[in-house]
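Visitor: Residue numbers (this note's numbering), protein chains in the order written: chain A, 21 to 408; chain B, 21 to 408.
Cβ coordinates follow ideal geometry from the N, Cα and C atoms, glycine included.
Protein chains: 2
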Amino acid sequence: MTQLRKVGIVGIGITKFGKHLEKGSRELFYEAAFKAIEDASIDPKGIEALYFGNAVGSVLEHQAHMGPLMAEGLGLRYIPAIRFENACASSGVALRDAYFAIASGFYDTVLVGGAEKMVTEKGTLEVTDALALGADNLFEYNAGLTFPGLYATIARAHMKKYGTTEEQLAMVSVKNHKNAMDNPNAHFHKEITIEDALNARPIAEPLKLFDCCPISDGAAAVIMVSEKYFNKFETPIEIIGSGQGSDSISLQGRKDITRIVSAEIAARTAYKMAGVTPEDIDLAEVHDCFTIAEIIATEGLGFFKIGEGGKGVEEGETQKDGRIPINVSGGLKAKGHPVGATGVAQVVELVEQLRGEAGKRQVSGAEIGLAHNVGGSGATATVHILRR
Amino acid sequence: MTQLRKVGIVGIGITKFGKHLEKGSRELFYEAAFKAIEDASIDPKGIEALYFGNAVGSVLEHQAHMGPLMAEGLGLRYIPAIRFENACASSGVALRDAYFAIASGFYDTVLVGGAEKMVTEKGTLEVTDALALGADNLFEYNAGLTFPGLYATIARAHMKKYGTTEEQLAMVSVKNHKNAMDNPNAHFHKEITIEDALNARPIAEPLKLFDCCPISDGAAAVIMVSEKYFNKFETPIEIIGSGQGSDSISLQGRKDITRIVSAEIAARTAYKMAGVTPEDIDLAEVHDCFTIAEIIATEGLGFFKIGEGGKGVEEGETQKDGRIPINVSGGLKAKGHPVGATGVAQVVELVEQLRGEAGKRQVSGAEIGLAHNVGGSGATATVHILRR
Chain A
21 MTQLRKVGIV
31 GIGITKFGKH
41 LEKGSRELFY
51 EAAFKAIEDA
61 SIDPKGIEAL
71 YFGNAVGSVL
81 EHQAHMGPLM
91 AEGLGLRYIP
101 AIRFENACAS
111 SGVALRDAYF
121 AIASGFYDTV
131 LVGGAEKMVT
141 EKGTLEVTDA
151 LALGADNLFE
161 YNAGLTFPGL
171 YATIARAHMK
181 KYGTTEEQLA
191 MVSVKNHKNA
201 MDNPNAHFHK
211 EITIEDALNA
221 RPIAEPLKLF
231 DCCPISDGAA
241 AVIMVSEKYF
251 NKFETPIEII
261 GSGQGSDSIS
271 LQGRKDITRI
281 VSAEIAARTA
291 YKMAGVTPED
301 IDLAEVHDCF
311 TIAEIIATEG
321 LGFFKIGEGG
331 KGVEEGETQK
341 DGRIPINVSG
351 GLKAKGHPVG
361 ATGVAQVVEL
371 VEQLRGEAGK
381 RQVSGAEIGL
391 AHNVGGSGAT
401 ATVHILRR
Chain B
21 MTQLRKVGIV
31 GIGITKFGKH
41 LEKGSRELFY
51 EAAFKAIEDA
61 SIDPKGIEAL
71 YFGNAVGSVL
81 EHQAHMGPLM
91 AEGLGLRYIP
101 AIRFENACAS
111 SGVALRDAYF
121 AIASGFYDTV
131 LVGGAEKMVT
141 EKGTLEVTDA
151 LALGADNLFE
161 YNAGLTFPGL
171 YATIARAHMK
181 KYGTTEEQLA
191 MVSVKNHKNA
201 MDNPNAHFHK
211 EITIEDALNA
221 RPIAEPLKLF
231 DCCPISDGAA
241 AVIMVSEKYF
251 NKFETPIEII
261 GSGQGSDSIS
271 LQGRKDITRI
281 VSAEIAARTA
291 YKMAGVTPED
301 IDLAEVHDCF
311 TIAEIIATEG
321 LGFFKIGEGG
331 KGVEEGETQK
341 DGRIPINVSG
351 GLKAKGHPVG
361 ATGVAQVVEL
371 VEQLRGEAGK
381 RQVSGAEIGL
391 AHNVGGSGAT
401 ATVHILRR
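(1) Taking the C-alpha atoms as reference points, what is the distance between Val456 of chain A and Ile32 of chain A?
(2) Less than 8 Å between the CB atoms is what I'm expecting for Arg97 of chain B and Ser266 of chain A, so what's the real figure, rounded?
(3) DSSP three-state label for Ser111 of chain B, please.
(4) Can you tell me which residues form a DSSP beta bridge with Arg25 of chain B?
(5) Would you list the residues sitting across from Met244 of chain A in a DSSP beta bridge?
(6) Is there a Cβ of chain B sitting closer than 8 Å to that of Glu92 of chain A, yes or no?
(7) Cα separation between Ala240 of chain A and Ile269 of chain B?
(8) At 4 residues or longer, what runs of the alpha helix (DSSP H) sit wholly inside the region 162-204 of chain B?
(9) On the DSSP bridge assignment, give the partners of Ala224 of chain A in chain order.
(10) Assuming Ile344 of chain A and Glu337 of chain A make a contact with CB atoms under 8 Å, what is their CB distance in whole Å?
(11) State the Cα-Cα distance for the pair Val27 of chain A and Ser246 of chain A, rounded to the nearest angstrom.
(12) For chain B, find out if any of its Cβ atoms is closer than 8 Å to the Cβ of Glu81 of chain A; answer yes or no.
(13) Could you please give the first and the last residue of the uninterrupted alpha helix (DSSP H) stretch that includes Ser78 of chain A?
(14) Cβ closer than 8 Å: which chain C residues qualify as neighbours of Leu153 of chain B?
(15) Quick one: what does DSSP say Ser412 of chain A is sitting in, helix, strand or coil?
(16) Going along chain B in order, which residues have a C-beta closer than 9 Å to the C-beta of Glu105 of chain A?
(17) Let's see if you can read the secondary structure: which residues bound the beta strand (DSSP E) around Arg407 of chain A?
(18) Could you please give the first and the last residue of the uninterrupted alpha helix (DSSP H) stretch that includes Phe72 of chain A?
(19) According to DSSP, which residues form a beta bridge with Val364 of chain A?
(20) Can you pull the chain A neighbours of Val281 of chain B, defined as C-beta to C-beta under 8 Å?
(21) Less than 8 Å between the C-beta atoms of Gly263 of chain B and Thr402 of chain B, yes or no?
(22) Just the C-alpha distance for Lys180 of chain A and Tyr249 of chain A, rounded to the nearest angstrom, thanks.
(23) Could you tell me whether any Cβ in chain A is nearer than 8 Å to the Cβ of Gln272 of chain B?
(24) Inspect the beta-carbon positions of Val192 of chain B and Ile315 of chain B and report whether they are closer than 8 Å.
(25) If you draw a straight line from the alpha carbon of Pro100 of chain A to that of Ala69 of chain A, how long is it in whole angstroms?
(26) Reducing DSSP to helix, strand and coil, say where Tyr379 of chain A ends up.
(27) From which residue to which residue does the beta strand (DSSP E) around Phe54 of chain B run?
(28) So with Cβ pairs under 8 Å, would you call Met21 of chain B a contact of chain A?
(29) Kindly give me the distance between the Cβ atoms of Phe72 of chain B and Phe104 of chain B, rounded to whole angstroms, as I take these residues to be in contact under 8 Å.
(30) Tell me the residue span of the beta strand (DSSP E) that contains Gly395 of chain A.
(31) For the region 389-400 of chain B, list every residue whose C-beta sits within 8 Å of some C-beta in chain A, in sequence order.
(32) Relative to chain A, which residues along the region 106-137 of chain B have a C-beta separation below 7 Å, given in chain order?
(33) Does Gln373 of chain B have its Cβ less than 8 Å from a Cβ in chain A?
(34) Only counting the same chain, and skipping five residues up and downstream in sequence, which positions put a Cβ closer than 6 Å to that of Ile67 of chain A?
(35) Among residues of its own chain, excluding the 5 on either side of Asp300 of chain A, which ones have a beta-carbon nearer than 6 Å to its beta-carbon?
(36) Around the C-beta of Ser4 of chain B, are 16 or more other C-beta atoms found within 10 angstroms, so that it is buried, or is it exposed?
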């Protein structure tokens, strides 16, 4: 490999996640991107490219080709602008490709982000149908399976194989709702109890309402620079590892549905590049689209042995003051999950934490953070490791 | 910039373009990709990533997240696999990003391609509606504008400003239909006359049926390698220049709708990187989704002065044996335009030509070729320059 250049994140921006009835993805992204530009205190004219993630705008907004659309609205109409779509990992993938382009020397300053407009007048059924674009149309959607059903199947398998309990799933939700209380941009500011979670209405058993992330609008953006500018910023946060993996898009094609192999591959690649191990990670933002997904994520990332993620949450190890704080932002569960924005939103949280600017959410002394973004039921995953 | 590594195309594959009533985009892409792998004579296990373009599968096939879907079907289920969507420039953008990742040293062997399933039982209206995702929903689609109308507006402006004639538009179509006669993979094998073109039914005046490319199914793929493997192949074709530009997604935002500024930017970048000028190009595959688009392309690429592209086709300069052969493959007009596949399909044609293996289509002594891929009405454009 040729010598790669240092890449730093020097500006972050995020909208409030939740219902934005009068905004589309363009208004949402403009807000996040302008915040990132302001946060970096750079002249936007220096931005050389836009890497943008969006998953379901083609269906919910009848709008694709969002790369140049978003660049134009920011006053950057002539720069290369790309839309990435890997389901809910769209902006994680965008971030990784931007990292390639900067590390290699093609660009010195890049805007990376994602946005999703999901709350529509048509409601949950339409959104569930649109999200199912990220599953296998032939073998899953046409058989009636959408994501709650897919993750319910995964949860049942994990419970059977490892003894993971519905209480442990509920504990993930309780923790993330609690964490979100300190996040002003979170979709929910409402603490829940184990009993609330266990007694909520079933969505796809064993998953109940509080096991599922909400439908949220939102956007997130970061400014990334090469080593040419890295040291000109006060607290640049370096990307020290980047990994991506894939797996069968349908569950039926997987060897073991209790694991997300794409994420394990992504993690191995990222840890190796960064020269760190799971023990070195001070906090992680993981893709908890459903509570079971967080448990599997913490296993696949090496924070717990395979099968012991349920025990980990039960023993409090993933709490903000635990051994490995997971989703101190509130996670997808309580911060919200505007799908195309999520991968970059996770990184925004890490940057705030590594700068020591996360306020009440601050994980004391955090130096290395990890972001774990998953598309579909695990066909795509990216892992990024950041260091202050 | 760090030292970039040489990148070569060493395998190509393409399906017949046209109606494939019993195939979806996955079957189409598998065919093209396996052909590319066979053409390169490589062990597919060596492929490290898939860069894949698709534009409207979310709507026409209810299938997104096609990166890992396509990788899986090729026996490559664990590799990073990305879907790019920049309307009709989706696979041109994919190719450029793959070039970055190889030139920089992240990968040594990558599969790049695109596919589109467009011919459905529902017919032209549904496809026109899906393609309109690549225009501005807010300011164009909701005002009733789809692509034939947008390009008709461009054509009227070009005719008024430069005296371009309907006959000159027809000549583009006649030439490309003639060229396609020698392309076994072309959608159409039917020569037409100027009169046929001028007397065809209007689609959006001044554009008539033969001014518009058809709705086609198809896929294309290439194998790209780094300099590590470059010289192990018999006739590697080097990518010596790569450019991308953007512009306002809506026509109303443009300064001058008779030019596609995104393509002019992309061309400048690619020429500079390659160290060549328009005079050095032996043949070009350009994005003739409508006949007027070919005329504007040949101006923006510097083959003719601005406003003189119409005269250029009239004087035979763009014929296969002319000064600058344009679309010897038949172009989008007659080869067909499965939109997500088009950018890579253009490159497949160039590789055949630069290898000297294009049979009856061969441009004698071709050493340098150029591919010009446009998304929407010009919000995205990529230009790639290849050398044997």
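Guide: By the coordinates alone:
(1) In the structure displayed, chain A extends from 21 to 408; residue 456 of chain A sits before or after that span and is not available.
(2) By 1-based counting over the second sequence, the position of residue 97 of chain B is 77. By 1-based counting over the first sequence, the position of residue 266 of chain A is 246. Between Ser266 of chain A and Arg97 of chain B the Cβ distance is about 6 Å, and since that is below 8 Å, they are a contact.
(3) For this step, residue 111 of chain B is matched to residue 91 along the second sequence. Helix.
(4) Along the second sequence, read from residue 1 onward, the residue named residue 25 of chain B stands at position 5. Paired residues: none, contrary to the question.
(5) Taking the first sequence and counting its residues from 1, the one referred to as residue 244 of chain A is at position 224. BP columns for Met244 of chain A point to A:Ile29 and A:Val130.
(6) Taking the first sequence and counting its residues from 1, the one referred to as residue 92 of chain A is at position 72. Yes, because at least one Cβ of chain B sits closer than 8 Å to the Cβ of Glu92 of chain A.
(7) Locating residue 240 of chain A in the first sequence gives position 220, counting from the first residue. Locating residue 269 of chain B in the second sequence gives position 249, counting from the first residue. Computed Cα separation, rounded: 22 Å.
(8) 167-182 and 186-200
(9) Here the question's residue 224 of chain A lines up with position 204 in the first sequence. Per DSSP, A:Leu227.
(10) One-based indexing of the first sequence puts residue 344 of chain A at position 324. One-based indexing of the first sequence puts residue 337 of chain A at position 317. So it is a contact: roughly 6 Å between Cβ atoms.
(11) Translated into positions along the first sequence, residue 27 of chain A becomes position 7. Translated into positions along the first sequence, residue 246 of chain A becomes position 226. Rounded to the nearest whole angstrom, the C-alpha separation of Val27 of chain A and Ser246 of chain A is 5 Å.
(12) The sequence position of residue 81 of chain A within the first sequence is 61, counting from 1. It does; some Cβ of chain B falls within 8 Å.
(13) One-based indexing of the first sequence puts residue 78 of chain A at position 58. That run of the alpha helix (DSSP H) goes Gly77 to Leu80.
(14) Looking for chain C here will not work: the only protein chains present are A and B.
(15) Because residue 412 of chain A is not part of the residues shown, which for chain A are 21 to 408, the question remains open.
(16) In the first sequence, the residue the question calls residue 105 of chain A occupies position 85. Per Cβ cutoff of 9 Å: Asn74, Ser78, Ala84, His85, Met86, Gly87, Ile102, Arg103, Phe104 and Glu105.
(17) Residue mapping note: residue 407 of chain A aligns to position 387 of the first sequence, counting from 1. Its beta strand (DSSP E) spans residues Thr400 to Arg407.
(18) For the purposes of this step, residue 72 of chain A is taken as residue 52 along the first sequence, with counting starting at 1. It is not in any alpha helix (DSSP H) - Phe72 of chain A instead sits in the beta strand (DSSP E) that spans Ala69 to Gly73.
(19) Residue mapping note: residue 364 of chain A aligns to position 344 of the first sequence, counting from 1. Answer is none; Val364 of chain A lacks a bridge partner.
(20) Position 261 of the second sequence, counted from the start, is the residue given in the question as residue 281 of chain B. Chain A residues near Val281 of chain B: Tyr98.
(21) Position 243 of the second sequence holds residue 263 of chain B. Position 382 of the second sequence holds residue 402 of chain B. In this structure, Thr402 of chain B lies closer than 8 Å to Gly263 of chain B by Cβ.
(22) Numbered from 1 along the first sequence, position 160 holds the residue referred to as residue 180 of chain A. Numbered from 1 along the first sequence, position 229 holds the residue referred to as residue 249 of chain A. If I take the Cα positions, the gap works out to 52 Å.
(23) Along the second sequence, read from residue 1 onward, the residue named residue 272 of chain B stands at position 252. No - not a single Cβ of chain A is within 8 Å of the one on Gln272 of chain B.
(24) If you number the second sequence from 1, residue 192 of chain B lands on position 172. If you number the second sequence from 1, residue 315 of chain B lands on position 295. For Val192 of chain B and Ile315 of chain B, yes; Cβs fall inside 8 Å.
(25) Reading the first sequence from its first residue, position 80 is the one you call residue 100 of chain A. Reading the first sequence from its first residue, position 49 is the one you call residue 69 of chain A. If you take the alpha carbons of Pro100 of chain A and Ala69 of chain A, they lie about 5 Å apart.
(26) Reading the first sequence from its first residue, position 359 is the one you call residue 379 of chain A. According to the sequence as given, residue 379 of chain A is Gly; it is not Tyr. DSSP, reduced to helix, strand and coil, places Gly379 of chain A within a helical segment of the structure shown.
(27) Residue numbering aside, residue 54 of chain B sits at position 34 when the second sequence is read from its first letter. In this chain, Phe54 of chain B is not harboured by any beta strand (DSSP E); it is covered by the alpha helix (DSSP H) spanning Ser45 to Ala60.
(28) As a position in the second sequence, residue 21 of chain B is number 1, starting the count at 1. Low per-residue confidence applies at Met21 of chain B: pLDDT is 49, beneath 50, and the placement is therefore not dependable, though the value from the model is reported in the following sentence. Chain A contact via Cβ: present.
(29) Here residue 72 of chain B corresponds to residue number 52 of the second sequence, with the count starting at 1. Here residue 104 of chain B corresponds to residue number 84 of the second sequence, with the count starting at 1. That belief holds up - the Cβ atoms of Phe72 of chain B and Phe104 of chain B are roughly 7 Å apart, short of 8 Å.
(30) Within the first sequence, numbered from 1, the residue matching residue 395 of chain A stands at position 375. That run of the beta strand (DSSP E) goes Ile388 to Gly395.
(31) Gly395, Gly396, Ala399 and Thr400
(32) Asn106, Ala107, Val113, Asp117, Phe120, Ala121, Ala123, Ser124, Gly125 and Phe126: these are the residues of the region 106-137 of chain B whose beta carbon lies less than 7 Å from some beta carbon of chain A, given in chain order.
(33) Numbered from its first residue, the second sequence carries residue 373 of chain B at position 353. False, the Cβ-Cβ gap to chain A never drops below 8 Å.
(34) As a first step, residue 67 of chain A is located in the first sequence; it is residue number 47 there, counting from the start. Excluding positions up to five away in sequence, the list reads Leu96, Thr129 and Leu131.
(35) In the first sequence, the residue the question calls residue 300 of chain A occupies position 280. The answer, listed in chain order, is Ile388.
(36) For residue 4 of chain B there is no data in the structure shown, the boundaries of chain B being 21 and 408.
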